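Protein chains: 2
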Amino acid sequence: MKPRHVHRSEDCRAVSEILQRVGDKWTVLVVGKLGAGRMRFSELRTAVGGISQKMLTTTLRGLERDGFVTRTQYPTIPPRVEYELTDLGFELLEPVHALGEWARKNTARVNEARQKFDAACPEGRSGSHF
Amino acid sequence: MKPRHVHRSEDCRAVSEILQRVGDKWTVLVVGKLGAGRMRFSELRTAVGGISQKMLTTTLRGLERDGFVTRTQYPTIPPRVEYELTDLGFELLEPVHALGEWARKNTARVNEARQKFDAACPEGRSGSHF
DNA sequence: CCGGATCCGACAGGATACTG
DNA sequence: CAGTATCCTGTCGGATCCGG
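What follows is the structure, given as structure tokens:
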């Protein structure tokens, strides 16, 4: 476990910012689904599941703003809007997938530690409530 | 850019959860600093910079709960508490660093896209606000 | 020195109703 | 079908005071 020289503070800030950007409730889910190919709004909505149209719109706006997805609107009746990952979006997907792999492999360990901590905590330090 | 078969929904959820876990304002900063070695509370506080003691405490509690750091308390006067990354914490650091590298390389592109979008947006679709 | 308790503002995000 | 506007809630995060 080498110390591997520490990054500078500004870099950490950058990490933190991108993490907060991507770390909201729906962004990665949407990007993940979009990774399979271009989709239209409702398609995406049902694919993700459990997301409100407001949040889907908000999320997609943000992703569009940051250049992760493109929005293509067909002026037909009824309207048809399709979203697609940009190259930048695909590139983002890679480190996210890496983190995803980590998550798949280690959620069990995390949950284990969590249960252990929760079992030891109530009487441990914060002896409040039930 | 191969399609690389899509992951199952549950996996995406796992990614989303770990991302939300790590995606708060201070977690990665703290973990990053702790990557350099064990530190005591105030040391960490000044190292991170700009964090309130409440948030540092909260963040560390969460990290301890999930098994990412260990908390060692020396019953001296004045009290001395040290925090150190666990193996799990170090392992988490790797994919996070990967994302960090991505962030360092691409924040410029994101900001560029953002400015372009913001310049085109006001008259574009949401002609609201002040 | 460490961190718990409390109050408070800001914002994320859900439900619903309405428009083109 | 896609999106906006409004309301309402819970949570995040900061400031401050207090205790061991």
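Chains as they are written, first to last, in full-length UniProt numbering: chain A, 1 to 130; chain B, 1 to 130. For glycine and all other residues, C-beta sits at the position ideal for the given N, C-alpha and C. This one's a predicted model, so the numbers in the text were calculated from it and none came from an experiment.
- Out of Ala120/A, Arg114/A, Pro79/A, Trp102/A, the CA that lies nearest to the CA of Cys12/B is found in Trp102/A.
- For Thr27/B, the enclosing alpha helix (DSSP H) covers residues 27–34.
- Annotation: Cβ neighbours of Thr107/A in chain B (cutoff 9 Å, chain order): Ala14, Glu17, Ile18.
- Against Phe41/B, chain A offers no close residue; the least beta-carbon distance is about 15 Å (beta-carbon pairs closer than 7 Å).
- The C-beta of Pro95/A has 16 or more other C-beta atoms within 10 Å across all chains shown, which makes the residue buried.
- Against chain A, the CB of Ala103/B has a partner CB under 8 Å away; the residue lies at that interface.
- For the stretch 30–56 of chain A, residues whose beta-carbon sits nearer than 8 Å to a beta-carbon of chain B comprise Gly32, Lys33, Gly35, Ala36, Gly37, Gly49.
- Not a single C-beta of chain A is nearer than 8 Å to the C-beta of Gly89/B.
- At a Cβ-Cβ threshold of 8 Å, Glu82/A and Met39/A count as neighbours.
- Interface with chain B (8 Å Cβ-Cβ cutoff): Glu82/A is excluded.
- Of the candidates Val15/B, Glu84/B, Leu29/B, the residue whose Cα lies closest to the Cα of Thr46/B is Leu29/B.
- The bridge partners DSSP lists for Thr72/A are Glu82/A.
- Remark: C-beta atoms of Phe68/A and Leu44/A do not approach each other more closely than 8 Å.
- Under a 10 Å Cβ-count criterion, Ala119/B is classified as exposed, with fewer than 16 other Cβ atoms of the shown protein chains found around its own Cβ.
- For Leu99/A, the nearest CB of chain B lies under 8 Å from its own CB, placing it at the interface with that chain.
- Residue burial is scored here from C-beta neighbours: Lys116/B has fewer than 16 other C-beta atoms within 10 angstroms and is therefore classed as exposed.
- Around the C-beta of Asn106/B, 16 or more other C-beta atoms lie within 10 Å, and the residue is accordingly described as buried.
- Proximity of Pro95/B to chain A, defined by a Cβ-Cβ separation below 8 Å, is satisfied.
- Straight across, the Cα-Cα distance linking Pro79/B with Ile18/B is about 33 Å.
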